[in-house]
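Take a look at the structure set out below.
Numbering (UniProt numbering), first residue to last: 1 to 280.
Structure, rendered in structure tokens:
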């Protein structure tokens, strides 16, 4: 019964995602609004600040993040939204809007029975984001883009989990549900982020981050995300061991040796504590 219902749902999702109008959960309205503003070349910092100010929770998060130890450093405290946005950058504003959307999705009525799974996916996403940011800094790549990539890399899992939560057959079998979500989340994530207008390098990284491989260099966003996702399993994971074992991914010690990997994971663990304080 589960497989039959799942097959119908996947066919329906495939039809929807292949069309021009992808229907997102209502909790993603804020993220889509922010994304539309950021894509508009006429959008100014002040205009973006006006939009953020209209969302009290988001404005609080933006200010908190701008004044966090990781971002503020030794700089002065900021109380104006436009200055906060200038400090953290547009990628961070986009990331904050997404974190709020995911939180609202997890807390929605339909998702309540599946909150343990959703929370596990979210905690893993945060860990991967923290690691991706550290790895990007190590490579002198855009750290905030890396952080966003880590945050959204399992967006397909949240979307599929939300759709399954509305069907009692799919929602009742947690073990099979996790297997279903794991099998399809990367491709669905690619389609969702494409509909949101994300660049090709982000789409490719999300599509390929679960592919069996050995990371031999750190010069692409796919490599950064794959490495962060591998190391992120040491912080938290939502995927059963047998599924992980079936698609082995490793990071070559020629790229990052075991000692440095341990240091990076420890730093990410500390960053996670600060992240929870600033954003949640």
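Backbone N, C-alpha and C define an ideal beta-carbon position, used for all residues, glycine too.
Please read these numbers as outputs of a predicted model, since none were measured by experiment.
| Item | Value |
| --- | --- |
| Taking contact to mean 3 or more Cβ pairs, one atom from each stretch, closer than 8 Å, check whether the segment 246 to 254 and the segment 120 to 135 are in contact. | no |
| Can you give me the start and stop residues for the beta strand (DSSP E) that residue 251 sits inside? | 249 to 251 |
| When the distance is taken between beta carbons, is residue 177 closer than 9 Å to residue 171? | yes |
| Tell me the DSSP secondary structure of residue 79 in three-state form. | coil |
| So, does the segment 184 to 194 touch the segment 7 to 20, judging by three or more C-beta pairs under 8 Å? | yes |
| Assuming residue 51 and residue 38 are in contact, meaning their beta carbons sit under 8 Å apart, how far apart are those beta carbons, in whole angstroms? | In fact, because the Cβ distance is near 10 Å, the residues do not count as touching under 8 Å. |
| Quick one, which of 156, 272, 160, 128 has its alpha-carbon nearest residue 145's? | 128 |
| For residue 262, does the count of other Cβ atoms within 10 angstroms reach 16, so buried, or fall short, so exposed? | exposed |
| Here's the rule: buried if 16 or more other CB atoms are within 10 angstroms of the residue's CB, otherwise exposed. What is residue 209? | buried |
| Hey, could you find the ends of the alpha helix (DSSP H) residue 213 is sitting in? | That residue, residue 213, is in no alpha helix (DSSP H); its beta strand (DSSP E) goes 213 to 215. |
| With a floor of 4 residues, list each alpha helix (DSSP H) that falls wholly inside the segment 9 to 80, ordered by position along the chain. | 29 to 39, 45 to 53, 56 to 66, 69 to 72 |
| Rounded C-beta distance between residue 221 and residue 202? I'm assuming under 8 Å. | 7 Å |
| Whose CA, out of 125, 70, 85, 91, lies closest to the CA of residue 103? | 125 |
| Residue ranges of each alpha helix (DSSP H) run of no fewer than 4 residues wholly in the segment 141 to 167, ordered along the chain? | 143 to 152, 155 to 165 |
| Taking the CB atoms as reference points, tell me whether residue 237 and residue 206 lie closer together than 9 Å. | no |
| Restricting to Cα atoms, I'd like to know which of 8, 149, 100 is closest to residue 282. | As displayed, the chain neither begins before 1 nor continues past 280, which places residue 282 out of reach and without an answer. |
| Tell me whether the beta-carbon of residue 62 lies closer than 9 Å to the beta-carbon of residue 23. | no |
| Name the residue from 11, 96, 25 whose alpha carbon lies nearest to the alpha carbon of residue 276. | 96 |
| Please identify the residue among 98, 67, 245 whose C-alpha is closest to the C-alpha of residue 83. | 67 |
| Across the segment 263 to 273 and the segment 149 to 164, are there enough close Cβ pairs to call them in contact, namely three or more that are closer than 8 Å? | no |
| Just to confirm, is the Cβ distance from residue 75 to residue 117 under 9 Å? | no |
| Measuring alpha carbon to alpha carbon, tell me which residue in 57, 240, 26, 148 is nearest residue 224. | 148 |
| When DSSP labels each residue in this structure, what does residue 219 get in the three-state scheme? | coil |
| Could you pull out every residue in the same chain whose Cβ sits closer than 6 Å to the Cβ of residue 89, ignoring the five residues on either side in sequence? | 144 |
| Comparing C-alpha positions only, which one of 73, 47, 195, 71 sits nearest to residue 81? | 47 |
| Let me know if residue 11 comes out buried or exposed under the rule of 16 or more other beta-carbons within 10 Å of its beta-carbon. | exposed |
| Where does residue 115 sit, in a helix, a strand or coil, going by DSSP? | helix |
| Apart from the five residues just before and just after residue 218, which ones in its own chain have a Cβ nearer than 8 Å to its Cβ? | 135, 138, 139, 224, 227, 255, 256 |
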